[in-house]
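Just so we're aligned, residue 62 is where the sequence shown starts under this note's numbering, counting upward by one.
The beta-carbon is built from N, C-alpha and C at its ideal position, and this holds for glycine as well.
Worksheet: one structure, shown below.
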Amino acid sequence: MPLAASRPVLRRLLEPLSLAGLLTWAAIFLGIVRLAPPALMPLIAGLLGGFGLCLIAGMLIDDERAPLRWRRVLVVVQVLLGLATCSIAREGLAPVLLVIAVAQLPPLLTRRGLVAAMVAINLALYLIISRIWHSSTPVLLTMIHAGFQVFAAAMTIYAERAESARAELAQVNAHLLATHSLLEESARDRERLRLARELHDVAGHTLTALKLQLALLAREPGAAPAVATAAGLADSLLGDIRGVVGQLREADGLDLRQAIAQLAAPIPRPAVHLDLAEDARVDDIARAQTLLRVAQEALTNAARHSGAANLWLRLTREGRALVLQVRDDGRGARVLTIGHGLAGMRERLAAIGGTLIIASERGFTITARVPLG
Numbered sequence: 062m063p064l065a066a067s068r069p070v071l072r073r074l075l076e077p078l079s080l081a082g083l084l085t086w087a088a089i090f091l092g093i094v095r096l097a098p099p100a101l102m103p104l105i106a107g108l109l110g111g112f113g114l115c116l117i118a119g120m121l122i123d124d125e126r127a128p129l130r131w132r133r134v135l136v137v138v139q140v141l142l143g144l145a146t147c148s149i150a151r152e153g154l155a156p157v158l159l160v161i162a163v164a165q166l167p168p169l170l171t172r173r174g175l176v177a178a179m180v181a182i183n184l185a186l187y188l189i190i191s192r193i194w195h196s197s198t199p200v201l202l203t204m205i206h207a208g209f210q211v212f213a214a215a216m217t218i219y220a221e222r223a224e225s226a227r228a229e230l231a232q233v234n235a236h237l238l239a240t241h242s243l244l245e246e247s248a249r250d251r252e253r254l255r256l257a258r259e260l261h262d263v264a265g266h267t268l269t270a271l272k273l274q275l276a277l278l279a280r281e282p283g284a285a286p287a288v289a290t291a292a293g294l295a296d297s298l299l300g301d302i303r304g305v306v307g308q309l310r311e312a313d314g315l316d317l318r319q320a321i322a323q324l325a326a327p328i329p330r331p332a333v334h335l336d337l338a339e340d341a342r343v344d345d346i347a348r349a350q351t352l353l354r355v356a357q358e359a360l361t362n363a364a365r366h367s368g369a370a371n372l373w374l375r376l377t378r379e380g381r382a383l384v385l386q387v388r389d390d391g392r393g394a395r396v397l398t399i400g401h402g403l404a405g406m407r408e409r410l411a412a413i414g415g416t417l418i419i420a421s422e423r424g425f426t427i428t429a430r431v432p433l434g
């Protein structure tokens, strides 16, 4: 039932499927306990209470950090408690517990495993209905409850697909926003460079010619004071223009801070902490795109595989190179396997003369170094 166990506790419990499961369990608990014989009431209440505790534990468990087998164990215990309740209570509400349990299976099993589990559960339910309940229509009742189980499992599958599609769309949107930001920054950088060249070539040339003409006029009798004043103003204006040109050229380069921030924005977990130096600017679009792709791949891998609670992304300038470091506090890997994502990072960096260092002793750390042209 839980689709995003990394979310805050209250939010996990209030997710539509989780809330529906809790309300259904509460209704079954009240309905069965109220009608149970006094002698069996403590046992039935214990079975239903254990089922509820396992249900809540499954909702609150951290999907990223907990081994898959423990989550499967919780559901298996729920199935066994549900079957035991059906055997003892002999109440039509009891099989609904199995619907709740089956709804949690799709994320934990393959499709074949899910089908096998549902067949086994309903075979056991059929035996209980026919042998213990002595029902005259065991097949019909079993089919009815099996139909509800299929419906619940299908709802979980579709909800998972919708959640996955939403996450993928958020990442695509972040990528588009980051690319848009990079293109805007590239356009601004080109405009700054164009203005710097125009000021230097046109205004600087004109003022220099004006100074030469003023030097000729200074030779005329009586014109020296006025010409000296005009020459001083021309010198001052030329100095100001050179200063503006120098500032424009110092700002030359692409600022990646906004683009990286937009890549990190849609990631709910791990919590992303950004440390982006103001002077960490890239001198061409190819290097900027490579750093963005490395950052995006590192963020995506951490969100999907690391089980980390926190991720630190740091971009700094070291001499004539930019260094991008992405570090998380996840489980890491005892044996490092270079998959397509990491291989793609190395290939992109190698194409521009960069390097990639990977460490996985404590969490996972990726350090990309990109030389500036």
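In summary, THR217 is buried, with 16 or more beta-carbon neighbours lying within 10 Å of its beta-carbon over all protein chains present.
Looking at the backbone, the Cα of GLN210 and that of MET204 are separated by about 10 Å.
Checking the DSSP bridge columns, you'll see TRP373 partnered with HIS334 and ARG388. Within a 10 Å sphere around the beta-carbon of LEU108 sit 16 or more other beta-carbons, which makes this residue buried. Bounds of the beta strand (DSSP E) holding ILE427 are 425-432. Here DSSP, grouped into helix, strand and coil, assigns THR203 to helix. Secondary structure of ALA420 (DSSP, three-state): strand. Straight across, the Cα-Cα distance linking LEU335 with LEU184 is about 54 Å. One Cα belongs to PHE90, the other to LEU337, and the distance between them is close to 54 Å. Assignment of beta strand (DSSP E) within the region 96-129, counting only whole runs of 3 or more residues, yields no such run.
ILE117 is the residue among ARG72, ILE117 and MET102 whose C-alpha sits nearest the C-alpha of THR85. In the structure shown, ARG409 falls within a helical segment according to DSSP collapsed to helix, strand and coil.
Ranked by Cα distance from ARG381, the options ARG192, LEU372 and GLY415 are led by GLY415.
With contacts defined as CB atoms closer than 7 Å, VAL160 and ALA88 fail to qualify as a contacting pair. Shown here, ARG381 sits in coil according to DSSP, grouped into three states, outside any helix or strand. Using a Cβ distance threshold of 7 Å, PRO156 and HIS206 count as a contacting pair.
Judged by beta-carbon spacing, ILE190 lies within the 7 Å limit of PRO199, meaning their Cβ atoms are closer than that value.
Excluding residues up to 5 positions away in sequence, PRO331, ALA332 and ASP390 lie with their Cβ nearer than 6 Å to the Cβ of ASN371 in the same chain. DSSP places GLY174 in the uninterrupted alpha helix (DSSP H) bounded by 172-188. With a threshold of 16 other beta carbon atoms within 10 Å, THR351 meets it and is buried.
Counting along the chain, the unbroken alpha helix (DSSP H) around THR361 starts and ends at 346-362. Relative to ALA181, the option among VAL137, ALA404 and LEU74 whose CA is nearest is VAL137.
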